[in-house]
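Below is one structure, written out as structure tokens; comments come after it.
There are 2 protein chains.
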Amino acid sequence: MSLKHGILGLLTYKSMTGYELMKSFNESLSFFWNAQTSQIYRELDTIEKKGWVVSKIIPQDDKPNKKEFTLTNEGKDELNKWLNGHSPEKSMTIRDDMTMRVLFSAGSNKLGLVKELIDYHNQNEEYFKSLKDIEKQINSENDSSKTSKDKLYWSMAIKRGQINSQANMMWVEQCLKIINGE
Amino acid sequence: MSLKHGILGLLTYKSMTGYELMKSFNESLSFFWNAQTSQIYRELDTIEKKGWVVSKIIPQDDKPNKKEFTLTNEGKDELNKWLNGHSPEKSMTIRDDMTMRVLFSAGSNKLGLVKELIDYHNQNEEYFKSLKDIEKQINSENDSSKTSKDKLYWSMAIKRGQINSQANMMWVEQCLKIINGE
DNA sequence: TGGGTCATGTAACCTGTTACATGATTAG
DNA sequence: CTAATCATGTAACAGGTTACATGACCCA
Numbered sequence: 079m080s081l082k083h084g085i086l087g088l089l090t091y092k093s094m095t096g097y098e099l100m101k102s103f104n105e106s107l108s109f110f111w112n113a114q115t116s117q118i119y120r121e122l123d124t125i126e127k128k129g130w131v132v133s134k135i136i137p138q139d140d141k142p143n144k145k146e147f148t149l150t151n152e153g154k155d156e157l158n159k160w161l162n163g164h165s166p167e168k169s170m171t172i173r174d175d176m177t178m179r180v181l182f183s184a185g186s187n188k189l190g191l192v193k194e195l196i197d198y199h200n201q202n203e204e205y206f207k208s209l210k211d212i213e214k215q216i217n218s219e220n221d222s223s224k225t226s227k228d229k230l231y232w233s234m235a236i237k238r239g240q241i242n243s244q245a246n247m248m249w250v251e252q253c254l255k256i257i258n259g260e
Numbered sequence: 079m080s081l082k083h084g085i086l087g088l089l090t091y092k093s094m095t096g097y098e099l100m101k102s103f104n105e106s107l108s109f110f111w112n113a114q115t116s117q118i119y120r121e122l123d124t125i126e127k128k129g130w131v132v133s134k135i136i137p138q139d140d141k142p143n144k145k146e147f148t149l150t151n152e153g154k155d156e157l158n159k160w161l162n163g164h165s166p167e168k169s170m171t172i173r174d175d176m177t178m179r180v181l182f183s184a185g186s187n188k189l190g191l192v193k194e195l196i197d198y199h200n201q202n203e204e205y206f207k208s209l210k211d212i213e214k215q216i217n218s219e220n221d222s223s224k225t226s227k228d229k230l231y232w233s234m235a236i237k238r239g240q241i242n243s244q245a246n247m248m249w250v251e252q253c254l255k256i257i258n259g260e
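Chains D and V, in that order, give the protein sequences. Counting in our numbering, the first sequence runs from 79 upward without gaps. Counting in our numbering, the second sequence runs from 79 upward without gaps.
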């Protein structure tokens, strides 16, 4: 799914080190991506070789030295190319564990499936709540880390997660009805 | 996401060759998984080494010989283990191109984004319709390839795709409202 | 004669995950 | 003293995609 472009996108906000990028992904962006340090450093390596970013080592006395990455013009071009050049037809498949479990539970354990569906429902409920919290935090006045325009786009992304988890819950409810009416 | 278990699941219905598996995935199961032959043959290799399936070469005069794979008891055990042993907490992130485009379009091309959102909406609408068709076909009397019980589980899986694409469309509508009200 | 279906695969590459390694500073 | 945070990475593996290769038969 191209972590490369995710990194480029984050670097448009400001120059960062690998460590800071990891924190961005796993904290403020955790609702849509969790990236391991190992992967981030690897991708930074390759996109630096491609010329999309440049790095500068910043010595620090009290802490370990850090390596800050900055977008180049090529990097900006690449990001824009990616943003504009939308892939004509992406696969649109569901391919997740839950669907697969449902499909292949026909023969066997009805009770196990019901339990799993309920667990899944609960997970989605919690996730939905946490997204509500994140939304509130972003839209609150005292979050000055983003401009009001940025906030708009971030809340759109979060809305997606919310709608998605609601859809998942609706699906579970329909499934349970079908199973019980069987 | 473990094509291995997808293959095991399909083989519970009947023994199949790699080619037939590929067709199942890319035809009747296309709404949730598209698998390349290259990957299927590779996975068949590894799961045969694990002892989950056994193969038998069936000579054919008019067509190329084929290699049919059959589930073993170990394979059935493994599938059941997988079906029952649900992973406690999966990541729940959104991580798709559309969300990323939205997040990183804050700075730049509003018009391009609107166009993409509309395209995305249309794609989802078509997908939704095609799922409706598939659903009808499965539930029709003259589809005797599945038992009525199987049909139930299949329609649950398809419902998921339907609800999902509806959710995607709702999201686009909300986004457009937000963008226009900006 | 050319394209589609049947049927098998190999090779290279990209993306993501898990586990491990190092070493300093700082807060409780 | 100990755990957390800062900051860098390596290695191995798992899963998925793209491109390529072969060869026969059937239908238009």
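Virtual Cβ for every residue (Gly too), placed ideally from N, Cα, C. Predicted model only: the values in this text are computed from it and were never measured.
| Item | Value |
| --- | --- |
| Exposure of isoleucine 196 of chain V, with buried meaning 16 or more beta-carbon neighbours within 10 Å | exposed |
| Distance cut-off 7 Å: methionine 178 of chain D Cβ against heavy atoms of the ligand NAD | Inclusion of the ligand NAD in the displayed structure is not the case, the ligand content being empty and no account of it being possible. |
| For glycine 239 of chain V and lysine 255 of chain D, the rounded distance between their alpha carbons | 17 Å |
| CA nearest to the CA of alanine 235 of chain V, picked from D:Asn187, D:Ser222, D:Met178 | D:Met178 |
| Cβ shell of glutamate 156 of chain V (< 6 Å), same chain only, five flanking positions each side left out | Trp130 |
| Every unbroken alpha helix (DSSP H) inside the segment 108-158 of chain D [4 residues or more] | 115-127 |
| Collapsed DSSP secondary structure at threonine 177 of chain D in the structure displayed | helix |
| Between the CA atoms of isoleucine 135 of chain D and asparagine 143 of chain D - distance to the nearest angstrom | 7 Å |
| CB contact check: asparagine 104 of chain V to chain D, cutoff 8 Å | no |
| Short Cβ contact (8 Å threshold) for lysine 237 of chain V with tryptophan 249 of chain D | yes |
| For methionine 94 of chain D: DSSP bridge partner residues | D:Phe147 |
| Where aspartate 169 of chain V falls, given that 16 or more other Cβ within 10 Å makes a residue buried | In the sequence as presented, aspartate is not what sits at residue 169 of chain V; that position holds serine. Classification for serine 169 of chain V: exposed. |
| Pair within 8 Å by beta-carbon distance, threonine 124 of chain D and glycine 96 of chain D | no |
| Between the CA atoms of leucine 89 of chain D and alanine 113 of chain D - distance to the nearest angstrom | 15 Å |
| Distance between glutamine 244 of chain V and lysine 207 of chain V (C-alpha atoms, nearest Å) | 11 Å |
| Residue-level contact to chain D via CB, tyrosine 119 of chain V, 8 Å cutoff | no |
| DSSP-derived helix/strand/coil call for isoleucine 256 of chain D | helix |
| 8 Å contact criterion, which leucine 122 of chain V and phenylalanine 147 of chain V should meet: CB distance rounded | 6 Å |
| Whole-angstrom distance between glutamine 201 of chain V and glutamate 98 of chain V, CA atom to CA atom | 28 Å |
| CB contact below 8 Å: glycine 153 of chain V versus chain D | no |
| Chain D contacts made by the segment 207-223 of chain V, where a contact means CB separation under 7 Å | none |
| 8 Å Cβ cutoff, methionine 45 of chain D in contact with chain V | There is simply no residue 45 of chain D to check, as chain D begins at 79 and stops at 260 in what is shown. |
| Cutoff 8 Å: aspartate 140 of chain V Cβ touching any chain D Cβ | no |
| Cβ-based neighbour list, alanine 184 of chain D, same chain, cut-off 6 Å, excluding 5 preceding and 5 following | none |
| Classification of leucine 189 of chain D by the beta-carbon crowding that lies within 10 angstroms, buried from 16 upward | exposed |
| Extent of the continuous alpha helix (DSSP H) to which serine 208 of chain V belongs | 188-217 |
| Nearest-angstrom Cα separation, counted from methionine 94 of chain V out to serine 133 of chain V | 9 Å |
| Min CB distance asparagine 242 of chain D to chain V below 8 Å | yes |
| Minimum Cβ-Cβ distance from lysine 227 of chain D to chain V less than 8 Å | yes |
| Under the three-state DSSP convention, the category methionine 247 of chain V falls into | helix |
| CB-CB length for asparagine 151 of chain V against serine 186 of chain D, believed under 8 Å | Contact doesn't hold; Cβ gap of about 14 Å is too wide. |
| Whole-Å CB distance - isoleucine 216 of chain V paired with lysine 224 of chain V, under 8 Å assumed | 7 Å |
| Same chain, Cβ closer than 6 Å to glycine 163 of chain D, five either side skipped, listed in chain order | none |
| Span separating the alpha-carbon of cysteine 253 of chain V from that of tyrosine 205 of chain D | 21 Å |
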